[in-house]
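Single-structure report; data block below.
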Amino acid sequence: MPVWLIVVLAIIVLIILWVISTYNKLIKLRNKVKDQWAQIDTVLKRRFDLIPNLVETVKGYAKHEKDTLEEVIKARNTYVTATAPEDQMKADGELTKAISKLFALSEAYPELKANENFNNLQKELTETEDKIQYARQFYNETVRMYNNARQVFPAVLIAGMLGFKDEKFFEASAEERENVKVQF
Numbered sequence: 014m015p016v017w018l019i020v021v022l023a024i025i026v027l028i029i030l031w032v033i034s035t036y037n038k039l040i041k042l043r044n045k046v047k048d049q050w051a052q053i054d055t056v057l058k059r060r061f062d063l064i065p066n067l068v069e070t071v072k073g074y075a076k077h078e079k080d081t082l083e084e085v086i087k088a089r090n091t092y093v094t095a096t097a098p099e100d101q102m103k104a105d106g107e108l109t110k111a112i113s114k115l116f117a118l119s120e121a122y123p124e125l126k127a128n129e130n131f132n133n134l135q136k137e138l139t140e141t142e143d144k145i146q147y148a149r150q151f152y153n154e155t156v157r158m159y160n161n162a163r164q165v166f167p168a169v170l171i172a173g174m175l176g177f178k179d180e181k182f183f184e185a186s187a188e189e190r191e192n193v194k195v196q197f
């Protein structure tokens, strides 16, 4: 067998191994992105499970704050019905804003602030919000790693041919970047 044929076969084998390695890396990173989104979803589920209890506790003290309570419930339901991650991200922002308003109600109702159930639920929601923030950070880090791996040369050639698409980062909307305005 001539030397040039051995070299050509070796190059072909190396290219095939590189394609397989690149494909496997992209698959693992794409799956990690999905896993990180599932982690966000898990923590959001915890928040949604806490919200009805918080709303019921507040209802007893703030009967005339119906609009704020309805806003929280509406935002929660919007998230539950959202199917795409982009829609879930938008609904999550609306819910975060509504929860902030709900917490601000405690300032207007000193007896609510003194209620042990309310304080426990507020503490749980605050801890959950922190977990959501960390999960978002990990999600964005994973998306960055995946997008980088997908976009660098020469992997971009393989990614394009095999249908790998960029993933979207979790981003706050312009409305979420503004200070929350609470009015009574």
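Numbering (my numbering), first residue to last: 14 to 197. Each residue gets a CB set at the ideal place from its N, CA and C atoms; glycine is no exception. All figures in this text were calculated on a predicted structure; none of them were measured in a lab.
Residues of its chain near residue i, where Cβ-Cβ distance is below 7 Å and the 5 sequence neighbours each way are ignored
i, result
"L63", "L134, E137, L138, T141"
"I112", "V85, L138"
"Q101", "Y92, A95"
"I171", "V32, T35, Y36"
Selected residue, minimal CA-CA separation from residue i, among the options
i, options, result
"K144", "R60, K178, T94, L22", "R60"
"L67", "R89, N160, V21", "R89"
"F116", "E99, L82, A97, V56", "L82"
"L42", "V56, M174, Q164", "Q164"
Cα-Cα separation, residue i to residue j
i, j, result
"A162", "A51", "21 Å"
"A104", "K87", "10 Å"
"K8", "V26", "What is shown of the chain runs 14 to 197, which leaves residue 8 out entirely."
"D54", "M158", "20 Å"
"R149", "K178", "20 Å"
"M174", "Y147", "34 Å"
"V21", "P167", "20 Å"
"E99", "E184", "9 Å"
"E107", "N132", "23 Å"
"L118", "A97", "32 Å"
"K110", "K38", "38 Å"
"E18", "I24", "Before going on, a small fix: residue 18 reads as Leu here, not Glu. C-alpha separation (whole angstroms): 10 Å."
"I40", "V56", "25 Å"
"F197", "G176", "Unreliable placement is indicated for F197, whose pLDDT of 35 sits below 50; the coordinate value is still reported in the next sentence. Between F197 and G176, the C-alpha separation is close to 52 Å."
"K47", "P15", "48 Å"
Proximity of residue i and residue j at Cβ, strictly below 8 Å
i, j, result
"K58", "T155", "no"
Cβ neighbours of residue i in the same chain (closer than 6 Å, five flanking residues each side left out)
i, result
"Q49", "F151, Y152, T155"
Own chain partners of residue i with C-beta closer than 8 Å, once the 5 adjacent residues on each side are dropped
i, result
"N160", "D179, E180"
"V169", "R163"
beta-carbon residue i near the ligand NAD non-hydrogen atom, thresh 7 Å
i, result
"Q146", "Among the components of this structure there are no ligands whatsoever, and the ligand NAD is therefore not found."
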